[in-house]
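Protein chains: 2
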Amino acid sequence: MAVTLADVAARAGVSAATVSRVLSGNYPVAGGTRTRVLRAVEELEYVVNGPASALAASSSDLVGILVHDIADPFFGIIAGAVQSEMGDGDGSGGRNGRKLAVVCNTGGSPERELTYLTLLQRQRAAAVVLTGGAVEHPEHSPALASRLRRLADGGTAVVLCGRPPLPEPDAAPGAPAPVPGQRAATDEPAGGTEGGARPGGGVRPDGGIRPGGSARPEGGTRPDGGARSEGSGIVTVSFDNKGGARRLTEHLLALGHRTIGYVAGPAERTTTRDRLDGHRLALGAHSPALLEDAERLTVHGGAYDRSAGYDGALELLRRTPRVTAVIAANDTVALGICAALRDQGLRIPEDISVAGFDDLPFSADAAPALTTVRLPLHDAGVRAGRLALGRQAPPPGGVATVQAELMARASTAPPRAD
Amino acid sequence: MAVTLADVAARAGVSAATVSRVLSGNYPVAGGTRTRVLRAVEELEYVVNGPASALAASSSDLVGILVHDIADPFFGIIAGAVQSEMGDGDGSGGRNGRKLAVVCNTGGSPERELTYLTLLQRQRAAAVVLTGGAVEHPEHSPALASRLRRLADGGTAVVLCGRPPLPEPDAAPGAPAPVPGQRAATDEPAGGTEGGARPGGGVRPDGGIRPGGSARPEGGTRPDGGARSEGSGIVTVSFDNKGGARRLTEHLLALGHRTIGYVAGPAERTTTRDRLDGHRLALGAHSPALLEDAERLTVHGGAYDRSAGYDGALELLRRTPRVTAVIAANDTVALGICAALRDQGLRIPEDISVAGFDDLPFSADAAPALTTVRLPLHDAGVRAGRLALGRQAPPPGGVATVQAELMARASTAPPRAD
DNA sequence: GCCCGCATAGCAAGCGCTTTCTACGGGTCA
DNA sequence: TGACCCGTAGAAAGCGCTTGCTATGCGGGC
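Just so you know, the sequences run in chain order P and S. Position 113, counted from 1, in the first sequence is what full-length UniProt numbering calls 113; the numbers after and before it change by one each time, with no gaps. Position 333, counted from 1, in the second sequence is what full-length UniProt numbering calls 333; the numbers after and before it change by one each time, with no gaps.
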């Protein structure tokens, strides 16, 4: 670990400053000098000290990706896509060439989500991408929103992918503390402290002055500067869960189903709610009567996993043996449902239809191939990645919505005619 | 971002040093002072500056987990397990409480693997866990080994999970030649490597002073302290791919199959080779004649994914229409094989048996339920995580092997009697 | 009653890098 | 020919935190 900038400088016969400049490539350095430095770097196998560099530059090349369940391909696909955008897209090769995109597994726990966010904030991450539905909780949601805004204020790009945009920080603008109960601007000294503590006054390159409550992180010093522009600097790539769910249910209705079970995900997830909303929208549009039964035909699982589907299907069958179709919270749940149904001696789709959501890779291979709703997860991830890096202009209003497409396959068919 | 240690110190009416000590909890601080500091931290919503802290302490709480394909549950499960071990196991809440475990997606590319390793080295990561089979390449392997050893020398714990241990750094690969004296430490317990690697000698904070001695078992302030001991400080949790594959083939042989196709993974992965070895071992043990056919009955896919299975199965069928069973590189590939077979009008297992490997969650839900070999991925990940943090003593010889268990299910049956 | 030692807290010196600001040589424009 | 400017490189001041060493206050042993 010993080899430092100074070592390289000595070897190349230049000053540390020059080496630094060669490495970051944002300052003119004569060709010969550059070559000499590069060779010294090579010979000494010099590797920049990230922390030191981050400290001095008050920025880092860490990008955090938060996922609910890393073992779930849904998140894996998104995360992989985001990560694929982190390379040095501009081929500059400079220090800002490559970001260290890291994925953090929250396990669906709001606390861990917050913990990771703190860790990321501690590292002064360049960007944070939160994937998957948000957890709606009267206590957690405001805490999360406030932490995200604090991050954004600190210059970290925040992107939400697969969840609804943050609610407006209602009331009094100008204060970074958006949440009512949240210690109102108590510590507003922040600005003052800064000024006072620093004898050097205006030396601070970025945050130093920042007049008023301008939420916008500093302008050009740091690469991500210009791109984000919406109020909070928090952009969203949301999924059309509602529309997709609606189309799926319409498909089932069109096939003739009238008693449609629904094995939903955890009630507090926005994804769960949105999909359910879409489902009921379709039901209601078809006939109010159907809507009345909806409640009874809905079972909430504790997670988006296989066993939730298995158990949910059993419960559904117990409550309403005559269901002719079951919609799952997602494809994984659908697989569990299929298993349960088969164990009960029911054939799919002859005796009962099953539909999933997401169109994960394995869905087309299920037997029978699963009818589902395709979400362009990869594309969404790519987009989120670009947004995070400021390589793409944020969508108007800061929110982009990606569409969901019905994939009608073999697991759904008209109900038996008996 | 403005609030610094100094701000907190000012607010609490103490010095920055004291605040630092309260936060890291490795130095006696009077109760009242501690409370005051903690309150100030609370009020100012202070968040440590990671880079600064890492720079000063020359250590960080980053732990990198490298995976080939983040969208593949195989890796997701391992990574999730590793990550689950990163919490503050001792509940100390101190700075060393929580590590930022991040997963990096190499996409199976050796270059990206190296790139990530550099990035991690740059961050002075506390540990690095490499998961999944290694890529065997005359150029890449030495480069990787050398980089890993450099990491280890720099104090980063390196754990290999699911791949064979690093070969001995045998003589004379002229290159930036890794560490001459290093190997000697093999028989040397603990201290050797550690002490030698640190020119600064007594500077290391470790056991340093720690007055008061809050009887914490873990190796001192800095985690990796004494735990790793094998020569290079690189430990391995390897999978018994060979044994598992062997048992799987034996199962098929016992059922009566004699023409067994094999859709393998990319040829250069150690996982591929090991599984194939196990397969052929079983074949050879049964009858040399079978071994002769093995070559012709093996198809290599370009990846461990569904389409490799689909295409591989088709190719196999083309070459040898009379195969009665097909073994897949892993479960995902098996699914692709099943799809192809079904598309060809073959029934599983009546017409042809199919077996996978890994026993991923969806395998039990496939139709028919997939016969496969179960690898305790979660356990292995947990173990790797503990090893990485030095929370668990390294296994003798630095290598632990986890066993594979045959899961005979419905996708395999005796061959048709025609 | 004095001195020693212990428990606490502060001082200040860095950690390795970035980034002004300054220095300097040579070419250019009057 | 002299004042300037441009292109380069170096000196040095931090970035915010950790930690060895030092200072202070107090209780107890002789």
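Glycine included, each C-beta is placed from N, C-alpha and C at the ideal position. Only a predicted model underlies this, so the values are computations on that prediction, with no experimental measurement involved.
Cβ of residue i within 9 Å of any chain P Cβ
i, result
"Tyr304 of chain S", "no"
"Leu55 of chain S", "yes"
"Arg163 of chain S", "no"
"Ser15 of chain S", "no"
"Asn26 of chain S", "no"
"Ile70 of chain S", "yes"
"Pro110 of chain S", "no"
"Arg98 of chain S", "yes"
"Phe357 of chain S", "no"
"Asp224 of chain S", "Below a pLDDT of 50, predicted positions are generally treated as unreliable, and Asp224 of chain S, at 36, falls in that range; no measurement from the model is reported."
"Ala254 of chain S", "no"
"Gln83 of chain S", "yes"
"Thr332 of chain S", "yes"
"Arg342 of chain S", "yes"
Residue closest to residue i, alpha-carbon to alpha-carbon, out of the options
i, options, result
"Val235 of chain S", "S:Val128, S:Val263, S:Leu144 and S:Leu120", "S:Val128"
"Asp274 of chain P", "P:Gly309, P:Ser238, P:Val382 and P:Pro376", "P:Ser238"
"Gly87 of chain S", "S:Leu341, S:Asp61, S:Phe74 and S:Ala303", "S:Asp61"
"Asn105 of chain S", "P:Gly154, P:Arg122, P:Thr372 and P:Ile70", "P:Ile70"
"Val135 of chain S", "S:Arg112, S:Thr156 and S:Arg11", "S:Arg112"
"Lys242 of chain P", "P:Pro73, P:Gly25, P:Arg11 and P:Thr401", "P:Thr401"
"Leu360 of chain S", "S:Ala367, S:Glu350 and S:Thr372", "S:Thr372"
"Leu55 of chain S", "P:Pro288, P:Arg383, P:Asn49 and P:Ala57", "P:Asn49"
"Ala350 of chain S", "S:His279, S:Val323, S:Asp7 and S:Phe357", "The sequence given here has Glu at residue 350 of chain S, not Ala. Here the closest residue by C-alpha is S:Val323."
"Val67 of chain S", "S:Leu117, S:Val19 and S:Glu85", "S:Leu117"
"Ala157 of chain S", "S:Leu290, S:Gly133 and S:Ser59", "S:Ser59"
"Arg319 of chain S", "S:Gly385, S:Thr298 and S:Pro394", "S:Thr298"
"Thr272 of chain S", "S:Val3, S:Ala303 and S:Asp7", "S:Ala303"
"Met407 of chain S", "S:Val14, S:Ala12 and S:Asp331", "S:Asp331"
"Leu130 of chain S", "S:Val159, S:Leu114 and S:Ala10", "S:Val159"
Inter-residue spacing [alpha-carbon to alpha-carbon] between residue i and residue j
i, j, result
"Leu253 of chain S", "Pro415 of chain S", "10 Å"
"Arg36 of chain P", "Pro110 of chain S", "29 Å"
"Thr259 of chain S", "Ser141 of chain S", "35 Å"
"Leu317 of chain S", "Arg34 of chain P", "59 Å"
"Phe362 of chain S", "Glu315 of chain P", "21 Å"
"Ala313 of chain P", "Arg306 of chain P", "11 Å"
"His378 of chain P", "Val102 of chain S", "20 Å"
"Leu370 of chain S", "Gly155 of chain S", "43 Å"
"Arg247 of chain P", "Ser287 of chain S", "57 Å"
"Glu139 of chain S", "Ala81 of chain S", "31 Å"
"Leu5 of chain S", "Arg374 of chain P", "49 Å"
"Val326 of chain P", "Ala355 of chain P", "6 Å"
Status (buried if at least 16 other CB within 10 Å, exposed otherwise) for residue i
i, result
"Tyr262 of chain P", "buried"
"Thr249 of chain S", "buried"
"Ser353 of chain S", "buried"
"Ser146 of chain P", "buried"
"Thr270 of chain P", "buried"
"Gly397 of chain S", "exposed"
"Pro368 of chain S", "buried"
Contacts of residue i in chain P (Cβ-Cβ under 7 Å)
i, result
"Phe239 of chain S", "Simply none; closest approach about 17 Å."
"Val102 of chain S", "Val102, Val103 and Cys104"
"residue 420 of chain S", "Residue 420 of chain S is absent from the structure shown; chain S starts at 1 and stops at 418."
"Leu290 of chain S", "The premise fails here: Leu290 of chain S is roughly 30 Å from chain P at the closest Cβ pair, so nothing lies under 7 Å."
"Gly80 of chain S", "Ile70, Ala71 and Asn105"
9 Å Cβ cut-off: residues of chain S touching residue i
i, result
"Arg21 of chain P", "Within chain S, no residue comes near Arg21 of chain P; the closest Cβ sits about 18 Å away, beyond 9 Å."
"Ile77 of chain P", "Ile70 and Ala71"
"Ala339 of chain P", "Ala364, Asp365, Ala367 and Ala369"
Within-9 Å CB hit, residue i to chain S
i, result
"Leu130 of chain P", "no"
"Gln121 of chain P", "yes"
"Arg150 of chain P", "yes"
"Gly233 of chain P", "no"
"Leu387 of chain P", "no"
Proximal chain S residues relative to residue i, where beta-carbon distance stays under 7 Å
i, result
"Val47 of chain P", "Thr118, Gln121 and Arg122"
Within chain S, the residues that residue i reaches when beta carbons sit closer than 8 Å
i, result
"Gly336 of chain P", "Asp365"
"Thr371 of chain P", "Going along chain S, no residue has its Cβ under 8 Å from Thr371 of chain P, so there is no contact; the nearest lies around 15 Å."
Contact list for residue i against chain P, beta-carbon separation under 8 Å
i, result
"Thr412 of chain S", "Correct list: empty, because the minimum Cβ distance to chain P is about 16 Å."
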